[in-house]
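Numbering (full-length UniProt numbering), first residue to last: 1 to 77.
Every residue, glycine too, gets a C-beta built ideally from N, C-alpha and C.
Since this is a predicted model, take the numbers as computed values, not measurements.
The next block holds one structure in the form of structure tokens; read it before the comments.
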Amino acid sequence: MKRQVIVAQGTVEGLAVEDQGITVFRGVPFAQPPVGGLRWRAPQPALPWDGVLQAFDFGPTAMQPTPGASDDFYDRE
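This is how it looks when you write it as structure tokens:
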């Protein structure tokens, strides 16, 4: 079963977990991506979207160092 909620940016649809009595919302943006002029600045609210945001899957993860891998990539801008 799917459930919807309305937030400041628009409508979000999540998945109800009936046997646990909860609704799961994954991948909902909480801020604009920190790129360009937003890099190294305070987070800015996510931009509004049209329609219904289907929040069924997690969004992309931030890059993380891999144990045993060279740190050369992570030490450069």
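Checking the sheet assignment: what are the DSSP bridge partners for T23?
Sequence index remark: in the sequence shown, residue 23 carries index 23 (1-based). In the DSSP output, where bridge partners are listed per residue, T23 has A16.
Would you kindly check if the distance between the Cβ of V12 and the Cβ of V24 is under 8 Å?
The residue given as residue 24 occupies position 24 in the sequence shown. The residue given as residue 12 occupies position 12 in the sequence shown. No, they are not a contact pair.
For L38, which of helix, strand or coil comes out of DSSP?
Reading the sequence shown from its first residue, position 38 is the one you call residue 38. Helix at L38.
As assigned by DSSP and simplified to three states, the class of G10:
Here the question's residue 10 lines up with position 10 in the sequence shown. Of the three classes helix, strand and coil, the one that applies to G10 here is strand, per DSSP.
Bridge partners for V52 per DSSP, in chain order?
Along the sequence shown, read from residue 1 onward, the residue named residue 52 stands at position 52. Answer is T11, bridged to V52.
According to the Cβ coordinates, are A31 and P43 closer than 8 Å?
Translated into positions along the sequence shown, residue 31 becomes position 31. Translated into positions along the sequence shown, residue 43 becomes position 43. In this structure, A31 places its C-beta atom within 8 Å of the C-beta atom of P43.
For L38, is the classification buried or exposed, using 16 other Cβ atoms within 10 angstroms of its Cβ as the cut-off for buried?
As a first step, residue 38 must be located in the sequence shown, where it is residue number 38. Per the 10 Å Cβ criterion, exposed.
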